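Participant:
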Amino acid sequence: MFSACPTNAATRPCFKYSSEIQSSLSLHPHSFLLNPATRHSLSLSTRQNHAPPLPPPPRLDYTPPNETRLNNLYLKRGKVEFARLVFDKSPKRDVNAWRWSTMITRFARNGMIKEVLGYTRLMLVEGINPSLVLMTVILDVIGKAGARNLGREAHGFVVKNMYFKELSILTALIDMYHKCGDVGSGNRVLFSVMKWKGDFWIGLVSGRLEVQMRSVIRLKRFRPGAGAVASLLPICAQLRALKQGKEIHAYALRHWLLPNVPIVSSLMVLYSKCGEIEYSIKLFDKMESKNVVSWTAMIDSCIENGGVCEALGVMRSMTWMTEHKLDTVTMARMLHVCGEMKALKLGKEVHGQVLKRGFASVHYVAAGLIDMYGICVDIDKAKLVFSVVPDKGSMAWSALIRAYGHKEWYQEAVDLFDDMISNGCSPNRFTFEAVLSICDRAGFVEDSFRIFDLMSRYKIEASKEHCTCMIRLLTRYGKLDEALRYLEMSSSL
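FYI, the UniProt record's numbering numbers position 253 of the sequence shown as 253, with every residue one higher than the one before it.
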């Protein structure tokens, strides 16, 4: 009878009929009226049937469906205190998570941020963990509130309760960090998940980015400025999202955001990472005022596509024709590429720029020089660079050990590793990886055991690369039992 009252006019007589059956039902008949009242927002009739509102009628049936309907009705009408009273008076709210979820979700839908955060803490105090769905709601509310510290607490809770394997939670975390202005933390979550999920996650985020960009751009009340566009392009570049990057490029053109050095530099990196180096060159050539960022972006674009000679040409132009100078990061990157391509002549030219700029004492630049000369088997130059490094750290020692390995000076490389330790320099995981690889190639079984055991002294956990060197060496020399032990160790990593 009550469910057959579909319209507002027909719902009001239902309240009249409810009193006629009150004496014949064990349940309070007004509980059946909550559903039609919720649909038609009959606040006056609701308060009459739930009167007096403080406290609620003792005979009202507080079964879960009725409590939910009453909460929904009060929240829909903006009667937060009434809804909270119904919830707080519920005798079984502390034994079932869905009651908490209903209340918190309704608070969130009504934009009641303080209530969401407060009741979430109460829920945790009661010993009830939120579900995956509720957790996404909570993270969204934290983001809207801009509560970064609280967001970090929620992130810790996600990790502790193994929620981080769910894509919905991870997406909510990324959104939350970005809404709080902590783009770095959001990107760290994004890129860590990219390593875990691979191409599927890249496709998911690329599609999400496309939808979000279109929805943002179509809003008449808000048009992203140059800063917003420049911050979106590196994400497209990292994801190789060429289609979405072109849409942002078109948006920048339509809204007269170009020429703009940060946007153009980001576009150059985007196109180079997507294999469209021609677009990067065109953008660079059309720039009237180039700064260090744009010159470096052009060099990176050439290197990204294997054009070391072109990158060196850009570097020459930058050095001779402008007042801008290369930084140490770009120098180290060019040295690395010269080493990979065994371009010794080009590497020497970069070395000249390093000396001219006074970067030879920078640790990672010096290590890059030693690595480059070592790969090109110019061991004398590698030793010369090493000798002039003022404070020799693990990077320089490791680079020279690798250089000895390229020269096939295997025993000298192991002796150099021992000298490194005797000089008080602590090796890192890359040092151990280099020397164990040399032991593998040289067949130094006993030295490999000794060096592998040294890792525990320096509190370095064995990696798969370390174990693989040991497995190859021991298998080749017939020590299968020892090789099996390292194989089991590797499988557990």
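Built from N, CA and C at the ideal position, the CB exists for glycine as well.
Quick caveat: nothing in here was measured; it's all calculated off a predicted structure.
1) If you follow the alpha helix (DSSP H) that W256 is part of, which residue opens it and which one closes it?
2) Just the Cα atoms here: how many angstroms apart are G181 and G339?
3) Which first and last residues belong to the alpha helix (DSSP H) in which residue 498 is found?
4) Classify R457 as helix, strand or coil using the three-state DSSP reduction.
5) Measure the C-alpha to C-alpha separation of M135 and A154 and round it to an integer number of angstroms.
6) Helix, strand or coil for G186? Go by DSSP, reduced to three states.
7) When DSSP labels each residue in this structure, what does C180 get in the three-state scheme?
8) Report all residues from its chain with a CB closer than 7 Å to the CB of D378; omit the five preceding and five following residues, and keep chain order.
9) If you run the structure through DSSP and keep just helix, strand and coil, what is N149?
10) Which of the three DSSP states, helix, strand or coil, is assigned to G374?
11) Rounding to the nearest angstrom, what Cα-Cα distance links L487 and A462 in this structure?
12) DSSP state of W295, grouped into three classes?
13) Look at the Cβ atom of E482, then the Cβ atom of L473, and state whether they are nearer than 7 Å.
14) Apart from the five residues on each side of it in sequence, which residues of its chain come closer than 8 Å, Cβ to Cβ, to V365?
15) Label Y477 either buried or exposed according to how many other C-beta atoms from any shown protein chain fall within 10 Å of its C-beta, with 16 as the threshold for buried.
16) Roughly how many whole angstroms lie between the Cα atoms of C302 and S317?
17) With a CB to CB cut of under 7 Å and the five nearest residues on each side skipped, what residues in its chain are close to H324?
18) So for E166, helix, strand or coil by DSSP?
19) When the distance is taken between beta carbons, is I248 closer than 7 Å to L258?
20) From D418 to L384, what does the alpha carbon distance come to, in whole angstroms?
21) So what's K290 in DSSP terms, helix, strand or just coil?
22) Along the chain, where does the alpha helix (DSSP H) that runs through Y477 open and close?
23) Taking all protein chains shown into account, do 16 or more other C-beta atoms lie within 10 angstroms of the C-beta of K342, making it buried, or fewer, making it exposed?
24) Just to confirm, are S280 and S289 a CB contact at a threshold of 7 Å?
25) Considering R240, what are the terminal residues of the alpha helix (DSSP H) in which it resides?
26) Could you give the C-beta distance for D371 and A399, rounded to a whole number, given that I count them as a contact under 8 Å?
27) Can you check which of these residues, M162, Y404, A367 and I421, is closest to V389 by C-alpha distance?
28) Ordered along the chain, which non-local residues of its own chain (more than five positions away) have a Cβ less than 7 Å from that of D94?
29) Check S361 in the structure and name its three-state DSSP category.
30) In three-state terms, what does DSSP make of S491?
31) Would H351 and L369 be called neighbours here (beta carbons separated by less than 7 Å)?
32) Taking only three categories from DSSP, how would you classify W409?
33) Counting only the same chain and skipping the five closest in sequence on each side, list residues whose C-beta sits under 6 Å from that of M298.
34) Quick check: what's the CA-CA separation for R152 versus S265?
35) Spatial neighbours of Y119 within its chain, please: C-beta separation below 8 Å, excluding the five flanking residues on both sides.
36) Do L436 and H406 have their C-beta atoms closer together than 7 Å?
Facilitator: So, from the data block:
1) Per DSSP, W256 belongs to no alpha helix (DSSP H) and is neither H nor E.
2) 39 Å
3) Because the chain here runs from 1 to 493, residue 498 falls outside it and cannot be looked at.
4) coil
5) 9 Å
6) helix
7) coil
8) L344
9) helix
10) helix
11) 12 Å
12) helix
13) no
14) T328, M331, A332, L335, V354 and F359
15) exposed
16) 14 Å
17) N291, V292, W295 and M318
18) coil
19) no
20) 20 Å
21) coil
22) Element bounds for Y477: n/a, residue is neither H nor E.
23) exposed
24) no
25) Taken as a continuous stretch (DSSP letters only), R240 belongs to no alpha helix (DSSP H), as it is neither H nor E.
26) 5 Å
27) A367
28) Residue placement at D94 is poorly supported in this model, since its pLDDT is 49, which falls under 50; the coordinates are not used for a value here.
29) coil
30) helix
31) yes
32) coil
33) F284 and V314
34) 32 Å
35) W100, M103, I104 and F107
36) no
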